[in-house]
Amino acid sequence: MSLLLFIEQALNGLQFGVMLFLMAAGLTLVFGVMGLINLAHGSLYMVGAFAAAAVAAATGSFLLALVASFVCAAFAGVLIEFFVIRRLYDRDHLDQVLATFALILIFSEGTRWTFGSFPLFLDKPDWLSGTVMLPFGIEYSLYRLVIILVGLIVAASLFWMIARTRIGIRIRAGENDREMIGALGVNISLLYTFVFALGAALAGLAGALIGAIQSVQVGMGEPVLILAFVVIVIGGIGSIKGALIGAILVGLTDTLGRSLLPALFGLFLEPSSATSLGASLSSMSIYLLMIGVLLFRPKGLFGGV
Amino acid sequence: MNCILAQIRCRPGKSYAVANEICLREIQSELYSTSGPFDLLLKLYVPSSEDIGKFVNDRILDIDGIERTVTTLMFKAFRNNKPNGGNMKLKSFLIAASLATAIAGAASAEGVKVGMITTLSGGGAGLGIDVRDGFMLAVAQSGRNDIEVVIEDDQRKPDIAVQLADKMIQSEKVDVLTGIIWSNLAIAVVPAAVAQGKFYLSPNAGPSALAGKGCHQNYFNVAWQNDNLSEAGGAYLSDEGFTSPFLLAPNYPAGHDMLTGFKSFHKGEPVNEVYTKLGQTDYAAEIAQIRASGADSVFFFLPGGMGISFLKQYADSGVDIPVFGPAFSFDQGILQAVGAAALGVKNTSQWSKDLENETNAAFVESFQAKYGRLPSLYASQGFDTANLLISALAVADVSDADAFRAALEAADFASTRGDFAFAANHHPIQDIYVREVIQEGDVFTNKIVGIALSDHSNAYVDQCSM
Chain A
804 MSLLLFIEQA LNGLQFGVML FLMAAGLTLV FGVMGLINLA HGSLYMVGAF AAAAVAAATG
864 SFLLALVASF VCAAFAGVLI EFFVIRRLYD RDHLDQVLAT FALILIFSEG TRWTFGSFPL
924 FLDKPDWLSG TVMLPFGIEY SLYRLVIILV GLIVAASLFW MIARTRIGIR IRAGENDREM
984 IGALGVNISL LYTFVFALGA ALAGLAGALI GAIQSVQVGM GEPVLILAFV VIVIGGIGSI
1044 KGALIGAILV GLTDTLGRSL LPALFGLFLE PSSATSLGAS LSSMSIYLLM IGVLLFRPKG
1104 LFGGV
Chain B
883 MNCILAQIRC RPGKSYAVAN EICLREIQSE LYSTSGPFDL LLKLYVPSSE DIGKFVNDRI
943 LDIDGIERTV TTLMFKAFRN NKPNGGNMKL KSFLIAASLA TAIAGAASAE GVKVGMITTL
1003 SGGGAGLGID VRDGFMLAVA QSGRNDIEVV IEDDQRKPDI AVQLADKMIQ SEKVDVLTGI
1063 IWSNLAIAVV PAAVAQGKFY LSPNAGPSAL AGKGCHQNYF NVAWQNDNLS EAGGAYLSDE
1123 GFTSPFLLAP NYPAGHDMLT GFKSFHKGEP VNEVYTKLGQ TDYAAEIAQI RASGADSVFF
1183 FLPGGMGISF LKQYADSGVD IPVFGPAFSF DQGILQAVGA AALGVKNTSQ WSKDLENETN
1243 AAFVESFQAK YGRLPSLYAS QGFDTANLLI SALAVADVSD ADAFRAALEA ADFASTRGDF
1303 AFAANHHPIQ DIYVREVIQE GDVFTNKIVG IALSDHSNAY VDQCSM
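Heads up: the protein sequence lines correspond to chains A and B, in order.
Position one of the first sequence corresponds to residue 804 (this note's numbering), numbered consecutively onward.
Position one of the second sequence corresponds to residue 883 (this note's numbering), numbered consecutively onward.
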């Protein structure tokens, strides 16, 4: 494998990881601050993609579609936080899992009613299509590069918000002791609604960004949700930094595994068994990574003590 | 749950009023009136998330007439085992079950009952819905009201498909099973179903495992053997002078069949063969490999949403190696979602909406009238499957298995594909066409541009002995 191909694959892995980060950031915030397992996070990703596809079809503007995905997913997040999730904070995790699983089914069926079972069309705009030449003669998709940039900007703003703003202080405080910050006069339920809406909006944005290069269809959120859970387990539950590092690790492992493992097995196996063994093993690679991390850091890379 | 006992002393003359109030609140497990210093003995379970003191205070002590209570927390419950009781339960259950079976058996005496297990939710839902709609259209057009169809969603999961098949065979008592889209599900369901004497008519999946040594007299495939469309693809690419293709397919039985079929009819040497995870949505890594491979063409099999993702990402990658594939990534259900990225791509199919024969014209028109969308090849397969079943029912009763099987083998029905016959292993002999993706108005669809293989059978006929 040439160095150029390796760099391109690493960029692909980075892009995949950044996309996972957008999902995982919301999930880990909600879990860390609110102690809530939200299986319906994938549905919010789907809501974002469908909102974007609908708005893009109606207006033809991709930027409007992105805004719509962000706003609709945040709005859906506020709605479910207010009507459903709020009743679950004091219940145990099994009740939360059951209720949010029900939300998945409701969202999937509702989307199917509204938009039908067939995939929707959503494409990137012309000004983001095509490829760009990077240094060393690497030809890379402009749109994927933009996804990497958007993801890194979101990550940076999240870090800034958590570390430097008053709301960030409250979120961190809520993570440590929710009763105490309630007693200090912070409106904890408003804070929870905000955190949930923020997580939902990020998931929706990820759905719209990814929907433009993948298929926008019912059930598109669940496979990503599983990966996002892997990311937060690896990164450490509740840690934004962990989510970023975990997402990039998972993205790189998955992408490089897919391209390198079959070639690696090809060195000492016959081609047909090398490809099928490589394909099977590479689909396990991120779970092997997770096992490895948990063996040495049972709370994840940046998990609290 | 925490178990507690509360002894309650009431104001004189109030015991029964208090007991009544407790009952109305529906909190008691057991409630007795007792002799001695206390009047009532209450046993109740408090959810472990609740504070017991608060629970007693809020839910019991506010009842008017209670003077004082003594609350006792219970720790471990000791009980002796009752093996006899368990046996009794099993016995009565067996009796009930056998009664239920007898009743169910009596109910299914005439007509035919079809169990359709197909994918109606999740990523592959469009395929199952098209098969179902095509099938039900044919049933409705036949005018027969003695065909009962039970439809269930397998969610593209083999374990669920197996459960559904068991349920349909054992409690629904279906005569014929059909509907499965995915080869891994078909391999899990079909052998057990046909071994129990049921007929299975496949409207889609045609894995090689069920066409060769694993063939069965009650298994019929109305669509194609999995290799077929790719065999046509291999032949077409050879004819067009592409000698070093890059091959891409998901890592599941149909993916392996497709690439096997391609290689057996293609004269060149593939530069690489890549298997991806079933349901994968990001193909950046594979596209990078294609870019670096130096291939002169790409042949890929990625059905449903996987194909949408791949085509959009491929169009965006700036790689200009021409792509080809079997019809599954270019069916009517997904072309609109792919958009212009698929325009001009050649694909191989046993069916197309512009195939010229009377049945097909009528099918396309009535499907569009009923469902408000153009049919896909999956819909045509569902339609043909139902018509095959109806044609056999006209000749023989399904309870006469040998006669019914002979009627199915005759394949005496008007197919949307024109000529249709079964090979010795119950897979179709049919023409396979090359189609091109075109745009009609603002709708993307396919147009036939030539025949890749005519009267084509499959490679596994000789391995099948039945």
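Note that CB positions come from ideal geometry on N, CA and C, so glycine has one too.
On a predicted model such as this, the values are computed, not experimentally measured, just so you know.
| message | When you compare the CB of residue 1019(A) with every CB in chain B, is at least one pair closer than 9 angstroms? | response | Here residue 1019(A) refers to the residue found at position 216 when the first sequence is read from its first residue. With 9 angstroms as the cut-off, residue 1019(A) counts as an interface residue toward chain B.
| In or out: residue 1084(B) buried (at least 16 other Cβ within 10 Å) or exposed? | By one-based count along the second sequence, residue 1084(B) stands at place 202. Residue 1084(B) is buried by the Cβ-count criterion.
| query | Hey, out of 1148(B), 938(B) and 1189(B), whose CA is closest to residue 1131(B)'s CA? | reply | Start at 1 with the first residue of the second sequence, and residue 1131(B) comes out as number 249. For the residues 1148(B), 938(B) and 1189(B), the minimum Cα distance to residue 1131(B) belongs to 1189(B).
| query | Nearest-angstrom Cα distance between residue 1074(B) and residue 819(A)? | reply | If you number the second sequence from 1, residue 1074(B) lands on position 192. If you number the first sequence from 1, residue 819(A) lands on position 16. When rounded, the distance between both Cα atoms is 41 angstroms.
| task | For my contact list, residue 1311(B) and residue 1303(B) are in at a C-beta cut-off of 8 angstroms; report their separation, rounded to the angstrom. | result | Your numbering for residue 1311(B) matches position 429 in the second sequence. Your numbering for residue 1303(B) matches position 421 in the second sequence. About 5 angstroms; that satisfies the 8 angstroms criterion.
| query | How about the segment 872–887 of chain A and the segment 833–853 of chain A: do they share at least three Cβ pairs that are nearer than 8 angstroms? | reply | yes
| field | Neighbourhood of residue 1250(B) by C-beta distance below 8 angstroms, restricted to the same chain and skipping five residues each side | value | On the second sequence, residue 1250(B) is found 368 positions in, with the first residue counted as 1. 1256 and 1257, listed in sequence order.
| task | Pull up the distance between the alpha-carbon of residue 1108(B) and that of residue 1064(B), whole angstroms please. | result | Against the second sequence, residue 1108(B) aligns to sequence position 226. Against the second sequence, residue 1064(B) aligns to sequence position 182. Roughly 11 angstroms separates the two Cα atoms.
| request: Would you mind reading off the limits of the beta strand (DSSP E) that contains residue 1338(B)? | output: Here residue 1338(B) refers to the residue found at position 456 of the second sequence. Its beta strand (DSSP E) spans residues 1325–1338.
| query | Should the segment 1318–1327 of chain B be regarded as contacting the segment 1294–1308 of chain B, the criterion being three or more beta carbon pairs within less than 8 angstroms? | reply | no
| message | What residue range does the beta strand (DSSP E) around residue 1312(B) cover? | response | Taking the second sequence and counting its residues from 1, the one referred to as residue 1312(B) is at position 430. Here the beta strand (DSSP E) through residue 1312(B) covers 1310–1322.
| task | Verify whether the separation of the beta carbon atoms of residue 1214(B) and residue 1177(B) is less than 9 angstroms. | result | Within the second sequence, the letter at position 332 stands for residue 1214(B). Within the second sequence, the letter at position 295 stands for residue 1177(B). Not in contact: residue 1214(B) and residue 1177(B) (Cβ atoms no closer than 9 angstroms).
| Considering only residues of the same chain and omitting the five flanking positions on each side of residue 1040(B), which have a CB-CB separation below 6 angstroms? | Taking the second sequence and counting its residues from 1, one reaches residue 1040(B) at position 158. Cβ within range, chain order: 1066, 1067 and 1070.
| Assigned secondary structure, residue 1056(B) (DSSP; H/G/I helix, E/B strand, else coil) | Taking the second sequence and counting its residues from 1, the one referred to as residue 1056(B) is at position 174. Reduced to three states, the DSSP call for residue 1056(B) is coil.
| field | Under 9 angstroms between C-beta atoms of residue 1208(B) and residue 1112(B) | value | Here the question's residue 1208(B) lines up with position 326 in the second sequence. Here the question's residue 1112(B) lines up with position 230 in the second sequence. Yes. Within cutoff.
| query | Quick one: what does DSSP say residue 916(B) is sitting in, helix, strand or coil? | reply | On the second sequence, position 34 is the one that residue 916(B) refers to. If DSSP states are grouped into helix, strand and coil, residue 916(B) belongs with coil.
| request: Per DSSP, which residues does residue 1155(B) bridge with? Please list them. | output: Within the second sequence, residue 1155(B) is the residue found at index 273, counting from 1. Residue 1155(B) is bridged to 1129(B).
| said: Need the endpoints of the alpha helix (DSSP H) that residue 958(B) sits in, please. | reply: Translated into the one-based positions of the second sequence, residue 958(B) becomes position 76. Segment: none, residue 958(B) is in no alpha helix (DSSP H) and carries neither H nor E.
| said: Between which residues of its own chain and residue 1194(B) is the CB-CB distance below 7 angstroms, once the five residues before and five after are set aside? | reply: Indexing the second sequence from 1 puts residue 1194(B) at position 312. Counting only Cβ-Cβ distances below 7 angstroms, and skipping sequence neighbours, we find 1220 and 1223.
| task | Just the chain A side, please: which residues come within less than 7 angstroms of residue 1159(B) by C-beta, in chain order? | result | Numbered from its first residue, the second sequence carries residue 1159(B) at position 277. In chain order: 1086.
| request: Could you say which of 947(B), 1169(B), 935(B) and 1110(B) lies nearest to residue 1338(B) if we only look at CA atoms? | output: The count along the second sequence starts at 1 and reaches residue 1338(B) at position 456. Residue 1110(B) is the option with its Cα nearest to residue 1338(B).
| Per DSSP, what kind of secondary structure is residue 862(A) in: helix, strand or coil? | The count along the first sequence starts at 1 and reaches residue 862(A) at position 59. It is helical.
| Helix, strand or coil at residue 924(B) according to DSSP, with G and I counted as helix | As a position in the second sequence, residue 924(B) is number 42, starting the count at 1. Looking at residue 924(B) - three-state DSSP - the assignment turns out to be strand.
| task | Taking C-beta pairs closer than 8 angstroms, name the residues in chain A that residue 1155(B) reaches, listed in chain order. | result | Within the second sequence, numbered from 1, the residue matching residue 1155(B) stands at position 273. In chain order: 1074, 1075 and 1078.
| request: Closer than 8 angstroms, Cβ to Cβ, to anything on chain A: give me those residues from the segment 1189–1207 of chain B, in chain order. | output: 1190, 1191, 1194, 1195, 1198, 1199 and 1200
| task | Taking residue 1180(B) as part of the beta strand (DSSP E), name the residues at either end of that continuous run. | result | Here the question's residue 1180(B) lines up with position 298 in the second sequence. Its beta strand (DSSP E) spans residues 1179–1182.
| message | Only counting the same chain, and skipping five residues up and downstream in sequence, which positions put a Cβ closer than 7 angstroms to that of residue 1128(A)? | response | A question about residue 1128(A) goes unanswered here, because the residues of chain A that appear run from 804 up to 1108.
| query | In the segment 957–989 of chain A, which residues sit with their C-beta less than 8 angstroms from some C-beta in chain B, listed in chain order? | reply | none
| field | Any 3 or more C-beta pairs closer than 8 angstroms across the segment 852–860 of chain A and the segment 917–928 of chain A | value | yes
| What's the gap between the Cα of residue 854(A) and the Cα of residue 872(A)? | Stepping through the first sequence from its first residue, residue 854(A) is reached at position 51. Stepping through the first sequence from its first residue, residue 872(A) is reached at position 69. Roughly 5 angstroms between the two C-alpha positions.
| request: Note down, in chain order, all residues in the segment 1012–1026 of chain B with a beta-carbon under 7 angstroms from any beta-carbon belonging to chain A. | output: none
| field | residue 982(B), buried or exposed, once every other Cβ within 10 Å from all chains shown has been counted against 16 | value | Indexing the second sequence from 1 puts residue 982(B) at position 100. In this prediction, residue 982(B) has a pLDDT of 48, which is less than 50 and means its spatial position is unreliable; what the coordinates show is noted afterwards. Exposed.
| Neighbourhood of residue 907(B) by C-beta, 7 angstroms cutoff - its chain only, sequence neighbours within 5 removed | The residue you call residue 907(B) lines up with position 25 of the second sequence. Closer than 7 angstroms at the Cβ level, and outside the excluded window around residue 907(B), lie 941.
| task | Determine the chain B residues that contact residue 933(A) at a beta-carbon separation under 8 angstroms, and present them in chain order. | result | Within the first sequence, residue 933(A) is the residue found at index 130, counting from 1. In chain order: 1198 and 1200.
| Does the beta carbon of residue 1013(B) fall short of 8 angstroms from some heavy atom of the ligand MN? | Among the ligands in the structure shown, none appear at all, so the ligand MN cannot be discussed.
| query | If residue 816(A) and residue 1055(A) are in contact, beta carbons under 8 angstroms, what's the gap, nearest whole angstrom? | reply | Working through the first sequence from its first residue, we reach residue 816(A) at position 13. Working through the first sequence from its first residue, we reach residue 1055(A) at position 252. Right, the Cβ-Cβ distance comes to about 4 angstroms (below 8 angstroms), so this counts as a contact.
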